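Notes follow the structure.
Number of protein chains: 2
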Amino acid sequence: MAVCGPMKHLPFAAALGLVLATPSLGEAPPKPAALAPSEIVAAAPKGDWVAIAPDDLLVMDLAPDYRGPSTGSGSRRVVIQLMPPPFSQGWVGNIRKLAAAHWWDGLSVNRVQDNYVVQWGDADGEDKAKARKLPDGLAVVPENEYVAHTSSRSLCYQAFCPDLPSAITMWRTTIGDSTGLSTGFGAGWPLAAEDYIPGKESDSVWPIHCYGMVGVGRNLTPDTGSGAELYTVIGHAPRHLDRNIALVGRVIEGIENLSSLPRGTGALGFYEKAEERTGIVSVRLGNEVAGLPAYEYLSTESQAFARYADARANRRDAFFIRPAGGADICNIPVPVRRVK
Amino acid sequence: MAVCGPMKHLPFAAALGLVLATPSLGEAPPKPAALAPSEIVAAAPKGDWVAIAPDDLLVMDLAPDYRGPSTGSGSRRVVIQLMPPPFSQGWVGNIRKLAAAHWWDGLSVNRVQDNYVVQWGDADGEDKAKARKLPDGLAVVPENEYVAHTSSRSLCYQAFCPDLPSAITMWRTTIGDSTGLSTGFGAGWPLAAEDYIPGKESDSVWPIHCYGMVGVGRNLTPDTGSGAELYTVIGHAPRHLDRNIALVGRVIEGIENLSSLPRGTGALGFYEKAEERTGIVSVRLGNEVAGLPAYEYLSTESQAFARYADARANRRDAFFIRPAGGADICNIPVPVRRVK
Chain L
28 MAVCGPMKHL PFAAALGLVL ATPSLGEAPP KPAALAPSEI VAAAPKGDWV
78 AIAPDDLLVM DLAPDYRGPS TGSGSRRVVI QLMPPPFSQG WVGNIRKLAA
128 AHWWDGLSVN RVQDNYVVQW GDADGEDKAK ARKLPDGLAV VPENEYVAHT
178 SSRSLCYQAF CPDLPSAITM WRTTIGDSTG LSTGFGAGWP LAAEDYIPGK
228 ESDSVWPIHC YGMVGVGRNL TPDTGSGAEL YTVIGHAPRH LDRNIALVGR
278 VIEGIENLSS LPRGTGALGF YEKAEERTGI VSVRLGNEVA GLPAYEYLST
328 ESQAFARYAD ARANRRDAFF IRPAGGADIC NIPVPVRRVK
Chain P
28 MAVCGPMKHL PFAAALGLVL ATPSLGEAPP KPAALAPSEI VAAAPKGDWV
78 AIAPDDLLVM DLAPDYRGPS TGSGSRRVVI QLMPPPFSQG WVGNIRKLAA
128 AHWWDGLSVN RVQDNYVVQW GDADGEDKAK ARKLPDGLAV VPENEYVAHT
178 SSRSLCYQAF CPDLPSAITM WRTTIGDSTG LSTGFGAGWP LAAEDYIPGK
228 ESDSVWPIHC YGMVGVGRNL TPDTGSGAEL YTVIGHAPRH LDRNIALVGR
278 VIEGIENLSS LPRGTGALGF YEKAEERTGI VSVRLGNEVA GLPAYEYLST
328 ESQAFARYAD ARANRRDAFF IRPAGGADIC NIPVPVRRVK
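Protein chains in written order, with this note's numbering: chain L, 28 to 367; chain P, 28 to 367.
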């Protein structure tokens, strides 16, 4: 039986005091304000933010649409953060090679399935006569790489090591697995592990399918895909894909340029006509892109993140009358921002 | 502590035998095929489907976009099923009056916030000088109507009455509430209740915010909204809105006509310019719409639904190598189809 429900929480009200104005002498301390999650993030100290290296970014520029190049985020650009070790590095290495070879340039977004995924790559990839040749030296990655075989204690992430004094404990969520799964955040990413049992460490941890996560399209097992065919989640978290497909990153900016594309009317949301596809102008690693802003994410090991996550789970700002008491991990997106 | 993880399951393999070809005499029974969820739904017997009355439908036709009137579902039409008693009937009654008065005609979709909601109504609703007058006789509904104060046993829905022999038991999900929440399906809808405790009935049950659910925009509490301002969920289930806002229905067809709209660039995803809004041509109750197809949903009390839900939680079709062992309730959308 999985353990669920809230676990120990930090004294959030006390922690909140740190970011509120100090009352004047002689006044009673004010009741802590009910900050909205976005306000907690905005007030997080600079030291709680972690820089994302430019070469850990994948920058995809799409062809202009009928509205021209400028949409929600100011361009038809999608910025993806690649996943760090120990996760999915075989596929991430392939993606770096494909980007360095400018392999995706001139290809297209081929599939948009509502409440599921947007997928891009070579529309002719299944046709051997027409398929674009892949670069030499791509790794064939085995299925067991869907999971990082590492001690969850060596990762020392929140839900996975609640007995450690340095750990910020969080509620666990469950997707109802009788074998027991825990979810939590580590190094800025939403992760799952075998359920934590005091005194027993899990030895497998894996990233999970939340909104905006980017994965590697594949055909039937034991094929795991090269990384040339990528997708991102644009609907409710399809957690049934966890451990069945490789996750390699997440969209940190410009997902609206994918999620607002017309849905495909073919099977699985593939476009039926070539002219419906959105062209890819270029895909580059961030260090190849002139003028790219610097990005940073809110450390998931920070007190600010713990307060943010608590506020996502227990909305106490003015609109709300009843805090939920908990939140699905995918409803706690990790804050990412441009460095000012 | 909430109880979570799988509960009792029907012998699904045996049940599956009913929809598979009967083996010839003398042959060993075939191993049950691993049907995909969509195949289980397609094979469900006619008697497992429940007709939706036309006057329980709200039909919204949107102005053509740059692609013309024909998009994914074959038109720029959005079909919404209104919620049945005992849920939200004060607001549903208002919506019936607004539709009968053709109140929404000529108004617009005013807000599209990525991974959250699309909202429509009177863009000038907050401006008393310009706001369109509401019909007379709309009810002012109190906040306690967010929850149906009824015995969960009188609803006799699956997770809420697992001790009853007629009930199909399902796993429960939890959003981590220490007070204990159960979720499950009843009368075709995703619901939550206080956690089921054997011998003790819950007396409050409420609908939950899954993808495509439709709710009533409101301002700060104790305002609960009239129903004139509506939204639908286009992202990961925002469960923190449960019991904080009224749910009145769900989109059963054409949600792509809302979810693929350009995102608004103003605060909360509101459009900044009037010309960005998508016009509403008309909103009608289904019985006022000539030529409307008949719709039906798969009974959530049927064996076919239980098999479908189990298959959503445990994908065993060819693509999958590792069944998840459970699913979030919002990842088990209730199947709805046009009657052939």
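Heads up, the beta-carbon is just placed ideally off N, CA and C, and yes, glycines get one too.
Computed from a predicted structure; not experimentally measured.
In its chain, beyond the 5 residues on either side, S231, V232, W233 and R270 have a beta carbon closer than 8 Å to the beta carbon of V174(L). Looking at the DSSP output, A127(P) shares a beta bridge with no other residue. Rounded to whole angstroms, the Cβ separation of S287(L) and S135(P) is 17 Å, and the two are not in contact under 8 Å. Rounded to the nearest angstrom, the gap between the Cα atoms of W131(L) and G313(L) is 15 Å.
Per DSSP, the continuous beta strand (DSSP E) segment holding R277(P) begins and ends at L274 to E280. At a C-beta separation below 7 Å, I348(L) has these neighbours in chain P: E170, T248 and N271.
E221(P) counts as buried, since no fewer than 16 other beta carbons sit within 10 angstroms of its beta carbon. I235(P) carries a coil assignment under DSSP once its states are collapsed to helix, strand and coil.
When C-beta atoms of the segment 77 to 86 of chain P are compared with those of the segment 296 to 303 of chain P, fewer than three pairs fall below 8 Å, so the two segments do not count as touching. Residue-level contact by beta carbon holds for N358(L) and chain P, with a gap shorter than 7 Å. In this model, S115(L) and Y335(P) are separated by some 31 Å (Cα to Cα). DSSP lists V105(P) and V310(P) as the beta-bridge partner residues of M87(P). Counting along the chain, N284(L) sits inside no beta strand (DSSP E); it lies in the alpha helix (DSSP H) bounded by residues E283 to S286. R104(P) and G164(L) have their C-alpha atoms spaced approximately 49 Å apart.
A straight line joining the alpha-carbon of N121(P) with that of T210(P) spans about 28 Å.
Where E221(L) is concerned, the enclosing beta strand (DSSP E) starts and stops at W216 to E221. DSSP places E299(L) outside both helix and strand once states are collapsed to three, so it counts as coil.
Any Cβ of chain P closer than 7 Å to the Cβ of H236(L) would place that residue at the interface, and such an atom is absent.
For the pair D149(P) and S309(P), the CB atoms are not nearer than the 7 Å cut-off. Contact annotation for I282(P) against chain L: D141 [CB-CB distance below 7 Å, chain order].
Y93(L) sits in coil when the DSSP states are folded into three classes, being neither helix nor strand. Within the DSSP bridge table, the entry for Q146(L) names R138(L) and Y258(L) as partners.
Interface criterion not met: the Cβ of G213(L) is under 7 Å from no Cβ in chain P. With a cut-off of 8 Å on Cβ pairs, the segment 249 to 263 of chain P is in contact with the segment 141 to 155 of chain P, counting three or more such pairs. Neighbourhood of H263(L) in chain P, by CB distance below 8 Å: C237, Y238, G262, H263, A264, D355, C357 and N358, in chain order.
At a cut-off of 7 Å between beta carbons, H176(L) makes no contact with chain P. For E323(L), DSSP records a beta bridge to A78(L) and R364(L). G353(P) sits in coil when the DSSP states are folded into three classes, being neither helix nor strand. Of the candidates N358(L), V168(L) and V106(L), the residue whose Cα lies closest to the Cα of R311(L) is V106(L). Looking at the DSSP output, A175(L) shares a beta bridge with V232(L). The secondary-structure analysis by DSSP pairs G213(P) across a beta bridge with W216(P). Taking CB atoms only, R138(P) has no neighbour in chain L less than 7 Å away. Leaving aside the five residues that flank C237(P) on each side, the residues in its chain whose CB is nearer than 6 Å to its CB run, in chain order, P217, A264 and C357.
At a beta-carbon threshold of 7 Å, the residues of chain P lying near S286(L) are D141, ordered along the chain. Less than 7 Å separates the beta-carbon of V366(P) from that of E323(P). What R339(L) touches in chain P, judged by beta-carbon distance under 8 Å, is H267, going in chain order.
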